[in-house]
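Note that numbering that gives the first Met the number 0 numbers the sequence shown so that position 185 is 184, with each residue one more than the last. Inspection log for the structure reproduced underneath, given as structure tokens.
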Amino acid sequence: MLAQTSGSRQQVGSPFLSEVMMVLTFDLVFFRRSLCLVLLCAPCIVQAASCRVVGLGIYVLFTSPKIKVSQYDPIGKVLWSETKTYSADGFRCDPYDSNVNPGPVMVYTPTFSGSFNSENMPIQRTNISGVGFTVKDPDTGKYWTHSHVYFGIDWYFTMDGTGRPLPPRERRIQIDYYRTRESVGSGGTLNTPLGASAISHATVVATQTAIEFNNGWGQVIVENPTCDISVGDLNKRVKLNPVRAHDFRDTPGIGTTEFSIRADQCRLGAIAATFTFANGTPDPANPLIFKNTSVGGATGVGIRLFTGADETIGANGTNNSRRVTITGGSATLPLKAQYYKTGASVGKGAVESQVRLNMSYN
């Protein structure tokens, strides 16, 4: 990881110096994790009944998601979501059955196959520990579960004179994957135990499969995250308050401002993060001080960067690394910056400087 600072200049009048702006820009590489899911419909089983499914019934395809699963994702976080629309055009009823036509015909909700129990209704388990899913009608907010008695979606279609469903014929399905437990499994092939729905009517004794899902499949990859610079510290701007030139009479360093750089989401087992400052421009009169690079800015003054123990981080690379213990997945480096006199006298104007920051961890 690299960080770069750049400053913005601001001219102030005599006898005041300008405020200093330090901008830290971190170039981060984010690693993506992926989970693949495809739900396919098997050919429907046709039975003798007043209502039936024609052709191959309903075909629903969910695209493969790409998600990041880490130890820092909170329980209940939606890892991936998708909504699909399908039509009831594949349903037919006997147009000569006065009890069925003109309807309504009820389409029961799917049940869930396999030996998986509910995680926390309406969230259902997958075979990956800590990853659950829901299937719902996004228009009503009702869920499909292992028992539609509790959370079911019963869809009704009114049939026309030929036994076809009247508009609206479309219905929507939404599937969501969640983190459901504190401990996430090691990943692997995902098994989403979906079952089938059925069509029925009061005069129909035997129901018939209307929509059948094969078990969803995919891949869950669980990896330890890398340390990232906190979002709030990206393009960080450090602002020093204005000072007066005669304030340097008794001490070379004045106008100290405290700030910090934070790394978080470090992997389990990570011990420490090392922050290394480099590529600064040393002041010719004092190479430990970062040179004022503002064109036409203040003279005889630069920027000193140091840590809490009053240890200067040299612009020339001297003593320029700090090691911070990682606690709870994060590490924070407290820093200070101040104006620092480098000449016999200090002239008015803007002050700015730049520094690059490299971070590593183990």
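Glycine included, each C-beta is placed from N, C-alpha and C at the ideal position. In this text the structure is predicted, and so the values were computed from the model without any measurement.
Going by C-alpha positions, residue 334 is about 46 Å away from residue 189. The C-beta separation of residue 238 from residue 250 comes to about 21 Å, leaving the pair out of contact by the 8 Å criterion.
Secondary structure remark: continuous beta strand (DSSP E) runs of at least 3 residues inside the region 230-295, in chain order: 235-238, 252-263, 271-277 and 285-289. Only exposed fits residue 240, as fewer than 16 other CB atoms lie within 10 angstroms of its CB. Around the beta carbon of residue 300, a 10 Å sphere encloses 16 or more other beta carbons of the protein chains shown; the residue is thus reported as buried. Sequence-distant Cβ neighbours of residue 339 in its own chain, meaning closer than 6 Å and more than five residues away, are 251, 252, 288, 301 and 303.
Distance between residue 178 and residue 231, taken at the CA atoms: about 25 Å.
Comparing C-alpha distances from residue 265 to each of 227, 291 and 246 shows the shortest one belongs to 227. Less than 8 Å divides the Cβ of residue 269 from the Cβ of residue 361.
In the structure shown, residue 124 falls within a strand segment according to DSSP collapsed to helix, strand and coil. The distance from the Cβ of residue 131 to that of residue 123 is about 6 Å, consistent with a contact at the 8 Å cut-off. Shown here for residue 72: same chain residues with a beta carbon closer than 6 Å to its own, the five before and five after excluded, namely 178 in chain order.
In this structure, DSSP gives residue 76 a state outside helix and strand, which the three-state scheme calls coil. Residue pairing by DSSP places residue 317 in no beta bridge whatsoever.
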